[in-house]
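**Student:** Please read through the structure below; I'll follow up with questions.
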Amino acid sequence: MKQITSVQNPFIKSLVQLQEKAKVRKQTGTFLIEGKREIELALKGGYELETILFLPEIISEKQLNDLTTKPLNVIEISKEVYQKLAYRDTTEGILAIAKTKSLALSGLKLSKNPLILVGESLEKPGNVGAILRTADAANIDAVIIANPKSDLYNPNIVRSSVGCLFTRQIAVGTTEEVIAYLKANNINIYSATLQDSTEYHTQNYITPTALVVGTEATGLSEKWRTESTKNIIIPMQGEIDSMNVSVAAAILLFEAKRQRGF
Numbered sequence: 307m308k309q310i311t312s313v314q315n316p317f318i319k320s321l322v323q324l325q326e327k328a329k330v331r332k333q334t335g336t337f338l339i340e341g342k343r344e345i346e347l348a349l350k351g352g353y354e355l356e357t358i359l360f361l362p363e364i365i366s367e368k369q370l371n372d373l374t375t376k377p378l379n380v381i382e383i384s385k386e387v388y389q390k391l392a393y394r395d396t397t398e399g400i401l402a403i404a405k406t407k408s409l410a411l412s413g414l415k416l417s418k419n420p421l422i423l424v425g426e427s428l429e430k431p432g433n434v435g436a437i438l439r440t441a442d443a444a445n446i447d448a449v450i451i452a453n454p455k456s457d458l459y460n461p462n463i464v465r466s467s468v469g470c471l472f473t474r475q476i477a478v479g480t481t482e483e484v485i486a487y488l489k490a491n492n493i494n495i496y497s498a499t500l501q502d503s504t505e506y507h508t509q510n511y512i513t514p515t516a517l518v519v520g521t522e523a524t525g526l527s528e529k530w531r532t533e534s535t536k537n538i539i540i541p542m543q544g545e546i547d548s549m550n551v552s553v554a555a556a557i558l559l560f561e562a563k564r565q566r567g568f
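Numbering (the working numbering), first residue to last: 307 to 568.
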């Protein structure tokens with residue numbers, strides 16, 4: 307088995323670049339996953355692993371073999387190398403290099419009565435990760451990111467989603483492309499916005515539905531407001547007029563799930 311003990315090793319340096327630069331992830335078609343649970347969810351979600359790196363003081367070869375029956379390139383690394391690559395100290399001493407998937411809208415496989423969450427121009431990886439966790443909790447068909455501001459395989463998104471990046475179907479596209487896709491598939495669009503809106507709980511989400519949320523700072527673009535089936539609003543009873551986008555997404559999704567009998 308190959309061993310790497312130096313952080314100056316060219317391969318380890320390339321993995322640091324893979325973590326830090328979206329350009330490198332795009333060029334190589336790979337990204338880094340940290341943690342046993344996350345790797346297990348990636349495998350369950352159909353992601354292909356290229357290499358496993360492990361710290362023998364924390365995880366055994368038997369535990370590695372239990373992950374998958376497929377043969378994998380496995381590299382034993384030192385604690386120094388692990389600390390260079392890992393963001394957390396509690397991820398069971400394992401990392402994996404995985405192949406990215408196509409995030410094209412055309413690749414989505416929807417149910418007959420889909421429930422979809424759309425997020426437009428989301429900037430903060432923590433919010434994207436939280437939205438993916440909510441989407442998993444609600445067991446919806448897909449998450450679509452319109453006009454993405456960051457690479458979805460950004461390690462901060464992988465980490466903050468605690469593996470839920472791998473548990474739901476995800477696609478990206480421009481706002482125009484996403485709206486065209488939803489309309490072509492006869493999916494009703496409910497845009498969460500302050501303008502020309504009605505309270506969210508008065509609407510019917512039992513039919514094919516896309517719930518659309520934007521950033522707290524700027525909200526949704528005009529295109530969503532004019533192309534929606536209905537603009538909706540969560541009534542605010544305090545001093546401010548907005549809430550965290552992941553919280554808003556959770557409120558809307560679980561109202562839709564309630565109407566559908568969970």
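Cβ atoms here follow ideal geometry from the backbone N, Cα and C, with glycine treated the same way. Source: prediction; values computed, not measured.
The alpha helix (DSSP H) with residue 402 in it runs from where to where?
**Tutor:** Position 96 of the sequence shown holds residue 402. Premise fails: residue 402 lies in the beta strand (DSSP E), 400-405, not in any alpha helix (DSSP H).
**Student:** Look up residue 496 in the DSSP assignment and give the residues it is bridged to.
**Tutor:** Counting from one through the sequence shown, the residue named residue 496 turns up at place 190. Answer by DSSP bridge pairing, in chain order: 517 and 536.
**Student:** Please classify residue 492: is it buried, with 16 or more other beta-carbons within 10 angstroms of its beta-carbon, or exposed?
**Tutor:** Numbered from its first residue, the sequence shown carries residue 492 at position 186. By the Cβ-count criterion, residue 492 is exposed, with fewer than 16 other Cβ atoms from all chains shown falling within 10 Å of its own Cβ.
**Student:** Determine the DSSP secondary structure at residue 375, reduced to helix, strand or coil.
**Tutor:** One-based indexing of the sequence shown puts residue 375 at position 69. Three-state result, residue 375: coil.
**Student:** Using the C-alpha atoms, what's the distance from residue 534 back to residue 401?
**Tutor:** Counting from one through the sequence shown, the residue named residue 401 turns up at place 95. Counting from one through the sequence shown, the residue named residue 534 turns up at place 228. Cα-Cα distance, rounded: 42 Å.
**Student:** Under 8 Å between the Cβ atoms of residue 504 and residue 529?
**Tutor:** Here residue 504 is taken as the residue at index 198 of the sequence shown, counted from 1. Here residue 529 is taken as the residue at index 223 of the sequence shown, counted from 1. No, Cβ-Cβ distance for residue 504 and residue 529 is not below 8 Å.
**Student:** Figure out for me which residue from 373, 335, 352 and 317 has the closest Cα to the Cα of residue 341.
**Tutor:** Walking along the sequence shown from the start, residue 341 turns up at place 35. Selected option, being the one with the closest Cα: 373.
**Student:** What are the boundary residues of the alpha helix (DSSP H) that includes residue 468?
**Tutor:** Here residue 468 refers to the residue found at position 162 when the sequence shown is read from its first residue. Premise fails: residue 468 is in no alpha helix (DSSP H) and is neither H nor E.
**Student:** Once you ignore the five residues that flank residue 428 on each side, which residues in its own chain have a CB closer than 6 Å to its CB?
**Tutor:** As a position in the sequence shown, residue 428 is number 122, starting the count at 1. Excluding residues within five positions, the ones whose Cβ falls inside 6 Å are 434.
**Student:** Skipping 5 residues on each side, what residues in its chain have a beta carbon closer than 7 Å to that of residue 556?
**Tutor:** Working through the sequence shown from its first residue, we reach residue 556 at position 250. Excluding positions up to five away in sequence, the list reads 440.
**Student:** For residue 412 and chain D, any beta-carbon pair shorter than 8 Å?
**Tutor:** Any reference to chain D falls outside this structure, which holds one protein chain only.
**Student:** Taking the straight line between their C-alpha atoms, what separation do you get for residue 346 and residue 507?
**Tutor:** Within the sequence shown, numbered from 1, the residue matching residue 346 stands at position 40. Within the sequence shown, numbered from 1, the residue matching residue 507 stands at position 201. Spanning the two alpha carbons is a distance of roughly 37 Å.
**Student:** Does at least one heavy atom of the ligand ADP sit under 7 Å from the Cβ of residue 391?
**Tutor:** With respect to the ligand ADP, the structure shown offers nothing to examine, as it has no ligands at all.
**Student:** Note down, in chain order, each residue of its chain lying with its Cβ closer than 6 Å to the Cβ of residue 309, except the 5 sequence neighbours on either side.
**Tutor:** As a working mapping, residue 309 is identified with position 3 in the sequence shown. Contacts found: 382.
**Student:** Taking residue 458 as part of the alpha helix (DSSP H), name the residues at either end of that continuous run.
**Tutor:** Position 152 of the sequence shown, counting from 1, holds the residue named residue 458. Where residue 458 is concerned, there is no enclosing alpha helix (DSSP H), given that its DSSP letter is neither H nor E.
**Student:** Can you name the residues that DSSP bridges to residue 309?
**Tutor:** For the purposes of this step, residue 309 is taken as residue 3 along the sequence shown, with counting starting at 1. DSSP lists 382 as partners of residue 309.
**Student:** Taking the C-alpha atoms as reference points, what is the distance between residue 350 and residue 344?
**Tutor:** Along the sequence shown, read from residue 1 onward, the residue named residue 350 stands at position 44. Along the sequence shown, read from residue 1 onward, the residue named residue 344 stands at position 38. Residue 350 and residue 344: Cα-Cα distance of roughly 10 Å.
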